[in-house]
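The next block holds one structure in the form of structure tokens; read it before the comments.
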Amino acid sequence: MKRIVPLLALLMASVAGAEEMRTINLEEAMTLALESEERIEIQRRDVTIAGQEVNRAWTIISPRLEATGRYDRPEEEIRRDDQVVVPEDAWRGTITARQPVFDGRVLPARRLGMALEESEFHELVHIIRTSLFDVTRIYYEVLRAQQQVEIAGQTVALSTEEVSRARARFDAGEARRTEVLRTEVDEARAFRNLVAARNEYQVAKSDLARRIGLPADHAFTVETPETVEDPTSEVTHDLYMLALEERDDLAAARKRIRAGEEQRTVIRREAWPTLSVEYNHRFVDPESFSSRNNFWEVAAVARYDFWDGGSRRISRLQQEQRIEQSELRVRELEKLIHLEVQQAVLDLQTLRENLSTLHKEVDLAEENYRTLSEQARVGLATSLDVSTALNALDLARTELTRQQFDLEVAKQRLEAATGRFASSFIQVEE
């Protein structure tokens, strides 16, 4: 029986007081999710349920013990001379013990149970990887939202400085009232964006808390994990071939084909003859010469069902169609995996190439804003120029932050597409 062994121990932070802020790292968040995710526990039950099919196979040749009883009461006695032909009351009891000796369904039924159990186990691993990837994605979303709050706060500070400068220039008679109003509008917009960023941060934290089994209002912060190594050193074809070997959902689909084939064998072997040994112990009252009380017998019984009305044939045809459906699902999943790997590679390459451009864009936007802000102090630039530069700087910083964290998630998504995600976190043992 396969099982899953967490390799990273749960890192629980000690809480000295109710007001102390708890810090959670990515490994701890994944461990908490592994313990609290309902989908994982549901699938664990499915593995256990499927495993019972292996035990069910052995029950085909397990001993049987049954007891039957019968009581007869005729309307009246039938007498002939001095003999009673039909007694007034009669009862019969039989205890039967049966031991099957041969049944062709046992071995394929056992292989069927093993295939079902392995299929559900691979599905469990796939659900675990999917759940952990969702937690990782939301974890980076919290980090991104947190960084967005800092950027929004920086924009508010710059907007407040521009308002102070515009008012000072207006008081000195060097600027018009409209320039002051424009900077105040920018400041109000910056405060609004800050509120929106804070709300988005709280929603992201609540979503992460729900995923890892913490109360939605639980106070905690997250640590920035180390940068993940870029996995695109391999070509797309090699990554696709790796995914065909590593993806657990594909392995589960292939095991379902095997289970279908074994089920077809079980149906076919239902037509095979069976052999068993039976022990019968009878109790009758009243007893007769041909029907003794407290009498036992042992018999070897062979059974062969010549014709069942076509039920097995219909079941076999239905199972053939189910096997073909499973094969089609595997081919469909292989095509989907190829698309997922290709999309993940392209997204990663696009984000990596865009980041270098975005870094330059942020540097240029910062330089442009500083230059225009200095020029506006001496009247060489208008407040509109400064406002446009400040908005451009805010957008550039925001987009750079978003794509930086999207790049980290894209690396993890490629690992998930190839079936290697969380491999250091989950070890499969035979």
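So for the sequence shown, the working numbering puts the first residue at -16; every next one is plus one.
Where is the CB? At the ideal position from N, CA and C, for every residue including glycine.
Asked	Found
Among residues of its own chain, excluding the 5 on either side of A92, which ones have a beta-carbon nearer than 8 Å to its beta-carbon?	E36, R39, A40, I43, E245 and V249
Can you name the residues that DSSP bridges to V260?	Q82 and A283
Give me the Cβ distance between I134 and T365, rounded to the nearest whole Å; I'm assuming they're in contact under 8 Å.	That pair is no contact at about 25 Å.
Going by the DSSP bridge assignment, what does Y122 pair with across the sheet?	DSSP output for Y122 lists no bridge partner at all.
Since V205 is in the beta strand (DSSP E), which residue starts that stretch and which ends it?	F203 to V205
Are there 16 or more other CB atoms within 10 angstroms of the CB of F116, so buried, or fewer, so exposed?	buried
Using the Cα positions of T6 and E206, report the straight-line distance between them to the nearest angstrom.	7 Å
Thinking C-beta only, is E103 closer than 7 Å to A33?	yes
What residue range does the alpha helix (DSSP H) around I250 cover?	D231 to R252
Taking the DSSP output, what are the residues bridged to A73?	D55
Relative to the alpha-carbon of F85, which residue among V139, S147, R175 and R286 has its alpha-carbon at the smallest distance?	R286
Can you give me the C-alpha to C-alpha distance between R53 and A236, rounded to a whole angstrom?	52 Å
Taking just the CA atoms, how far does R150 sit from V163?	6 Å
Which same chain residues, not among the five before or five after R127, have their C-beta less than 7 Å away from its C-beta?	T384, R385 and F388
How many Å lie between W279 and G87 at the Cα?	29 Å
Can you give me the start and stop residues for the beta strand (DSSP E) that I43 sits inside?	Note, I43: premise wrong, no beta strand (DSSP E); not H, not E.
Roughly how many angstroms lie between the CA atoms of E323 and E228, to the nearest whole one?	15 Å
Any idea what DSSP makes of L227, helix, strand or coil?	helix
Mind checking whether the beta-carbon of V89 lies closer than 6 Å to any heavy atom of the ligand SAH?	This structure does not include the ligand SAH; it has no bound ligands of any sort.
Do A379 and E344 count as a contact pair if the criterion is CB distance below 7 Å?	yes
Pairs of beta-carbons, one from the segment 303 to 311 and one from the segment 107 to 123, closer than 8 Å: are there three or more?	no
Just verifying my parser: in three-state terms, what is the DSSP assignment at E11?	helix
Just verifying my parser: in three-state terms, what is the DSSP assignment at A348?	helix
What residues match up with V267 in a beta bridge as DSSP calls it?	R75
Output needed for A199: all residues of its chain with C-beta closer than 7 Å, excluding positions within five of it in sequence on either side, in chain order.	S189, A192 and R193
Do the segment 323 to 333 and the segment 396 to 404 touch if we need at least three Cβ pairs shorter than 8 Å?	yes
Kindly give me the distance between the Cβ atoms of R75 and V267, rounded to whole angstroms, as I take these residues to be in contact under 8 Å.	5 Å
Taking 7 Å as the threshold (C-beta atoms), are V146 and T166 in contact?	yes
Which partner residues of L378 appear in the DSSP bridge assignment?	BP columns for L378 are empty, so no partner.
Please go through the same chain and pick out, in chain order, the residues whose beta-carbon is closer than 8 Å to the beta-carbon of D232, but skip the five residues on each side of it.	H105, E106, H109 and L316
Could you check if R275 is buried or exposed, using at least 16 other CB atoms within 10 Å of its CB as the buried criterion?	exposed
Would you tell me roughly how many angstroms separate the C-alpha atoms of A283 and I297, rounded to the nearest one?	31 Å
What residues in its chain sit with their C-beta under 6 Å from that of E377, if we drop five residues either side in the sequence?	Per the sequence shown, the amino acid found at residue 377 is Asp instead of Glu. T138, listed in sequence order.
Could you tell me the alpha carbon to alpha carbon distance between M4 and L225, rounded to whole angstroms?	42 Å
Whose C-alpha, out of I320, R312, E310 and A234, is nearest the C-alpha of D221?	I320
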